[in-house]
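Below: one structure, written as structure tokens.
Number of protein chains: 2
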Amino acid sequence: MAEKAHEIRLKSRPAGMPNAENFQLAEVTLPEPKDGEVLVRNMWMSVDPYMRGRMYDRPSYVPPFQLGEVLQGGAIGCVMKSNDARFKAGDLVESMLGWREAFVGPGAALTKLPAAGAPPQAYLGVLGMPGMTAYTSFHRIGEPKPGETVFVSGAAGAVGSAVCQIAKIRDCTVVASAGSDEKLAWLKSVGVDATVNYKKGNLLQNVRAAAPKGIDIYFDNVGGEHLEVALEVARPFARFIECGMISIYNDEAPAPGPRNMAYIVGKRIRMQGFIVIDFIDMREQFYADMTRWVLDGRIKSQETVESGIANAPKAFLELFSGGNTGKMLVKLD
Amino acid sequence: MAEKAHEIRLKSRPAGMPNAENFQLAEVTLPEPKDGEVLVRNMWMSVDPYMRGRMYDRPSYVPPFQLGEVLQGGAIGCVMKSNDARFKAGDLVESMLGWREAFVGPGAALTKLPAAGAPPQAYLGVLGMPGMTAYTSFHRIGEPKPGETVFVSGAAGAVGSAVCQIAKIRDCTVVASAGSDEKLAWLKSVGVDATVNYKKGNLLQNVRAAAPKGIDIYFDNVGGEHLEVALEVARPFARFIECGMISIYNDEAPAPGPRNMAYIVGKRIRMQGFIVIDFIDMREQFYADMTRWVLDGRIKSQETVESGIANAPKAFLELFSGGNTGKMLVKLD
Numbered sequence: 131m132a133e134k135a136h137e138i139r140l141k142s143r144p145a146g147m148p149n150a151e152n153f154q155l156a157e158v159t160l161p162e163p164k165d166g167e168v169l170v171r172n173m174w175m176s177v178d179p180y181m182r183g184r185m186y187d188r189p190s191y192v193p194p195f196q197l198g199e200v201l202q203g204g205a206i207g208c209v210m211k212s213n214d215a216r217f218k219a220g221d222l223v224e225s226m227l228g229w230r231e232a233f234v235g236p237g238a239a240l241t242k243l244p245a246a247g248a249p250p251q252a253y254l255g256v257l258g259m260p261g262m263t264a265y266t267s268f269h270r271i272g273e274p275k276p277g278e279t280v281f282v283s284g285a286a287g288a289v290g291s292a293v294c295q296i297a298k299i300r301d302c303t304v305v306a307s308a309g310s311d312e313k314l315a316w317l318k319s320v321g322v323d324a325t326v327n328y329k330k331g332n333l334l335q336n337v338r339a340a341a342p343k344g345i346d347i348y349f350d351n352v353g354g355e356h357l358e359v360a361l362e363v364a365r366p367f368a369r370f371i372e373c374g375m376i377s378i379y380n381d382e383a384p385a386p387g388p389r390n391m392a393y394i395v396g397k398r399i400r401m402q403g404f405i406v407i408d409f410i411d412m413r414e415q416f417y418a419d420m421t422r423w424v425l426d427g428r429i430k431s432q433e434t435v436e437s438g439i440a441n442a443p444k445a446f447l448e449l450f451s452g453g454n455t456g457k458m459l460v461k462l463d
Numbered sequence: 131m132a133e134k135a136h137e138i139r140l141k142s143r144p145a146g147m148p149n150a151e152n153f154q155l156a157e158v159t160l161p162e163p164k165d166g167e168v169l170v171r172n173m174w175m176s177v178d179p180y181m182r183g184r185m186y187d188r189p190s191y192v193p194p195f196q197l198g199e200v201l202q203g204g205a206i207g208c209v210m211k212s213n214d215a216r217f218k219a220g221d222l223v224e225s226m227l228g229w230r231e232a233f234v235g236p237g238a239a240l241t242k243l244p245a246a247g248a249p250p251q252a253y254l255g256v257l258g259m260p261g262m263t264a265y266t267s268f269h270r271i272g273e274p275k276p277g278e279t280v281f282v283s284g285a286a287g288a289v290g291s292a293v294c295q296i297a298k299i300r301d302c303t304v305v306a307s308a309g310s311d312e313k314l315a316w317l318k319s320v321g322v323d324a325t326v327n328y329k330k331g332n333l334l335q336n337v338r339a340a341a342p343k344g345i346d347i348y349f350d351n352v353g354g355e356h357l358e359v360a361l362e363v364a365r366p367f368a369r370f371i372e373c374g375m376i377s378i379y380n381d382e383a384p385a386p387g388p389r390n391m392a393y394i395v396g397k398r399i400r401m402q403g404f405i406v407i408d409f410i411d412m413r414e415q416f417y418a419d420m421t422r423w424v425l426d427g428r429i430k431s432q433e434t435v436e437s438g439i440a441n442a443p444k445a446f447l448e449l450f451s452g453g454n455t456g457k458m459l460v461k462l463d
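From first to last, the protein sequence lines stand for chains F and S. Counting in our numbering, the first sequence runs from 131 upward without gaps. Counting in our numbering, the second sequence runs from 131 upward without gaps.
Here it is as structure tokens:
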């Protein structure tokens, strides 16, 4: 009997902030897996800020999502049927074929989860793309030294919270900004030294008070005002890890950049953008360190979970209103 | 008989664009050189854009100039009297004690010019701080590869024109911007592949036309609109060498930065500020390569010369109106 599954398609391209109308729930009938193909039922799917970029129709490092087509993203699923010798029913696998309850796809597009003892959904978060993003760039671009001060914006998100804790393991002082006192309390509980609620008071004054000697590393998830503040408080030879600029992803007109760009010259700042695949050579080192840290309890992670494929757009939209603490996940039934 | 000399002092701190009123010509009587001291009569003095920064009263990588005190800057002079065994009358020396016709200072503050056959004033330009700025940062931050495209702003200046020619020696394609057709014609004559007059037409369109495949390295002397354009046309993994931002040095209110900062993330751009002493370890390599290139005629340089200490402020002000091609010098009598 043919299996059916729901999926989410891009109905229209968002202008500015996305909304529910940009998405469409559809039902499809899955074909039988052919030679080399596998039928997977997803258990968890990931929504991530970078997906906003793929909703624009423009050239980028990943191709844009197509109108009327199913969206794609990280997912963890269980193999139901396999015509690929590398997989058998019951295997837990990671794919980039999410935003659907189930799919038939080539075995080559799947990675079997290691049996390390971590919960499966950790491979979408702290042991997955967000964790690897944090780990690789913090070491490779940040070049942290013990005793240095690290400022992390978007610190309660999946990437930011991993950065904060890795920085503590590297004996840095960590200043974290997030948008609610609950998030900041959680960050304090995992060892962050000082916190700033960016929705309260003057951001520059608050960051200055939290980092009176200035900062050596800025991990940027946010852009905008946070970036300007980071330039202001940067010490000479600071490194800026440019991971994302969620504060401007939805701007309809391009927003002016920092008014203090000249500090890049005078303070000899190094500012570098990246995407996680640039550091794929660090993959084994990442899995080894991070798995150990997670199992030892040295790195903790939070999840915000929405249930059911129909709520995937809602989960995605919450990323932009700060609705998530830690990794935003959708649990599929 | 005691010697007399004129010098230029900072009379008032400029607000915005400096003008002649900010400077004061004074005459002093030189003391006799004490033990370890030398009396030097300057032949050439240098004015450079970075000096504008020292006219602000703020903490920076070099201390601010003090009101009522003589200004300091690179100079080439001739030793007249020496009480330091390392120097004798007639030696040509470089110092950072310029903006004066003559001075008595410690021998430790002087460097004897090498007898390489280059004209003395070259050690204020292509073989001096501007040349070393160009050479070190282009290699260390730019990491040029043959066939890459390099965009240089302020390309007719002392640093920019050296960068253009070094990039050609490294087999790069060079696109240069400057503010007059005469400057651009000279840049063409030394091998630059394409030129843009930033005072004519739309800068973005003109740079796109000059570099249709985009740019791999941006050497920034200018900041402002040039920086925004460079971000726009940058190829993935472009390196931005942040040498200076002369277009905004005199802004009274901080100007907004580039509206397209998000490209730093998406295009994985590395943007790095520096000052020349950060690369002091490359000094010997710089002198060896650059002296050979200058004497072989592979690197040419232009000079714009004002005569007499009284014209030093005028020479300095011309830096901001584009009055110089190549190195701006003041010839002292």
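Cβ atoms here follow ideal geometry from the backbone N, Cα and C, with glycine treated the same way.
Helix, strand or coil for S:Gln402, going by three-state DSSP, please let me know.
DSSP places S:Gln402 in strand when its eight states are reduced to three.
Other residues of its chain near S:Leu160: CB distance less than 8 angstroms, five sequence neighbours each side excluded
Around S:Leu160: Ala132, Glu133, Lys134, Ala135, Leu169, Ala232, Phe233, Val234.
F:Ala150 at chain S interface by Cβ criterion, 8 angstroms:
So no, F:Ala150 is outside the interface.
CB-CB length for F:Gly396 against S:Ser190, believed under 8 angstroms:
Sure, about 6 angstroms apart at Cβ, within 8 angstroms.
Any chance the stretch 305-322 of chain F sits against the stretch 136-147 of chain S, with 3 or more Cβ pairs inside 8 angstroms?
They do not touch, by the three-pair rule.
Determine the direct distance from the alpha carbon of S:Leu254 to that of S:Val223, and round the result to whole angstroms.
A direct Cα-to-Cα measurement between S:Val223 and S:Leu254 gives close to 11 angstroms.
Report all residues from its chain with a CB closer than 6 angstroms to the CB of F:Arg365; omit the five preceding and five following residues, and keep chain order.
In its chain, beyond the 5 residues on either side, Gly344, Asp346 have a beta carbon closer than 6 angstroms to the beta carbon of F:Arg365.
Distance, F:Val293 Cα to F:Gly321 Cα:
Between F:Gly321 and F:Val293, the C-alpha separation is close to 12 angstroms.
In angstroms with no decimal places, state the Cα-to-Cα distance between S:Gly403 and S:Ile371.
In a straight line, the C-alpha of S:Gly403 is about 6 angstroms away from that of S:Ile371.
S:Leu425, buried or exposed, once every other Cβ within 10 Å from all chains shown has been counted against 16
By the 10 Å Cβ count, S:Leu425 comes out exposed.
Alpha-carbon to alpha-carbon, F:Ala297 and F:Glu199:
Cα-Cα distance, rounded: 40 angstroms.
Is the Cβ of F:Lys397 closer than 8 angstroms to any Cβ of chain S?
Yes, F:Lys397 counts as interfacial toward chain S.
For F:Glu413 and chain S, any beta-carbon pair shorter than 8 angstroms?
Per the sequence presented here, residue 413 of chain F reads as Arg, with Glu not at that position. Not closer than 8 angstroms to any Cβ of chain S, the Cβ of F:Arg413 fails to qualify, so no.
F:Val280: beta carbon under 7 angstroms from a heavy atom of the ligand NAP?
The ligand NAP is absent from the structure shown, which contains no ligand whatsoever.
Which residues mark the beginning and the end of the alpha helix (DSSP H) in which S:Phe409 is found?
DSSP places S:Phe409 in no alpha helix (DSSP H); its state is neither H nor E.
Give, in chain order, every residue of the stretch 181-206 of chain F whose Cβ lies closer than 8 angstroms to some Cβ of chain S.
Within the stretch 181-206 of chain F, Gly183, Ser190, Tyr191 place their CB atoms closer than 8 angstroms to a CB of chain S, listed in sequence order.
Using the Cα positions of F:Val289 and F:Ser267, report the straight-line distance between them to the nearest angstrom.
Taking the straight line from one Cα to the other gives about 11 angstroms.
Inspect the CB distances between the stretch 371-388 of chain S and the stretch 351-360 of chain S and report whether three or more fall short of 8 angstroms.
In short, these stretches touch, since the Cβ pair count reaches three.
I'd like to check one pair, S:Lys211 with S:Pro163: are the Cβ atoms closer than 8 angstroms?
Going by C-beta atoms, S:Pro163 is nearer than 8 angstroms to S:Lys211.
F:Ala440 classed as buried or exposed, judged by whether at least 16 other C-beta atoms fall within 10 angstroms:
By the beta-carbon neighbour count (other beta carbons within 10 angstroms, threshold 16), F:Ala440 is exposed.
How should S:Ser451 be labelled, buried or exposed, when 16 other C-beta atoms within 10 angstroms of its C-beta is the threshold for buried?
Exposed is the label assigned to S:Ser451, since fewer than 16 other Cβ atoms lie within 10 Å of its Cβ.
Got a sec: is the Cβ-Cβ distance from S:Phe268 to anything in chain F below 8 angstroms?
With a threshold of 8 angstroms between beta carbons, S:Phe268 makes no contact with chain F.
Since S:Gln402 meets chain F, which of its residues come closer than 9 angstroms, beta carbon to beta carbon?
Under the 9 angstroms cutoff, chain F gives Ile394, Arg398, Ile399, Arg400, Met401, Gln402.
Closest residue to F:Val209 among F:Tyr186, F:Asn172, F:Gln196 (Cα-Cα distance)
Of F:Tyr186, F:Asn172, F:Gln196, the residue nearest in Cα terms is F:Asn172.
Is the Cβ-Cβ distance between S:Arg413 and S:Ile271 less than 8 angstroms?
Between S:Arg413 and S:Ile271, the CB-CB gap reaches or exceeds 8 angstroms.
Looking only at its own chain, which residues have a Cβ that is under 7 angstroms from the Cβ of S:Ile405, when we skip the five neighbours before and after it?
Excluding positions up to five away in sequence, the list reads Tyr191.
Contact set between the stretch 374-394 of chain F and chain S, restricted to residues whose Cβ is under 7 angstroms from the partner:
For the stretch 374-394 of chain F, the beta-carbon criterion of a distance under 7 angstroms to any beta-carbon of chain S is satisfied by Gly374, Met375, Ile378, Pro384, Ala385, Pro386, Gly387, Pro388, Arg389, Asn390, Met391, Ala392, Ile394.
Identify whether F:Ser176 lies in helix, strand or coil by the three-state DSSP scheme.
The answer is strand: DSSP assigns F:Ser176 an E or B state.
Contact set between F:Ile405 and chain S, taken where Cβ atoms lie within less than 7 angstroms
Correct list: Arg398.
Taking S:Tyr328 as the reference, which of S:Ser319, S:Trp174, S:Val282, S:Pro386 has the closest Cα?
Closest option to S:Tyr328, Cα to Cα, is S:Val282.
Check the Cβ-Cβ distances between S:Gly353 and every residue of chain F, and say whether any is below 8 angstroms.
For S:Gly353, the answer is yes, since a Cβ of chain F falls inside 8 angstroms of its Cβ.
Cα-Cα separation between S:Glu151 and S:Gly207, rounded to whole angstroms
So the two alpha carbons sit approximately 27 angstroms from each other.
Contact set for S:Asn351: own chain, Cβ-Cβ below 7 angstroms, skip 5 residues either direction:
Scanning its chain for C-beta atoms nearer than 7 angstroms, with the 5 sequence neighbours on each side dropped, one finds around S:Asn351 the residues Ser283, Gly284, Gly287, Val289, Gly290, Cys373, Gly374, Ile376, in chain order.
Select from S:Ala215, S:Ile429, S:Pro236, S:Glu382 the residue whose C-alpha is nearest the C-alpha of S:Leu317.
Per the C-alpha coordinates, the member of S:Ala215, S:Ile429, S:Pro236, S:Glu382 positioned closest to S:Leu317 is S:Ile429.
Cβ of F:Ile394 within 8 angstroms of Cβ of S:Met391?
No, they are not a contact pair.
Tell me the rounded alpha-carbon separation between F:Pro342 and F:Asn454.
The straight-line gap from Cα to Cα measures roughly 29 angstroms.
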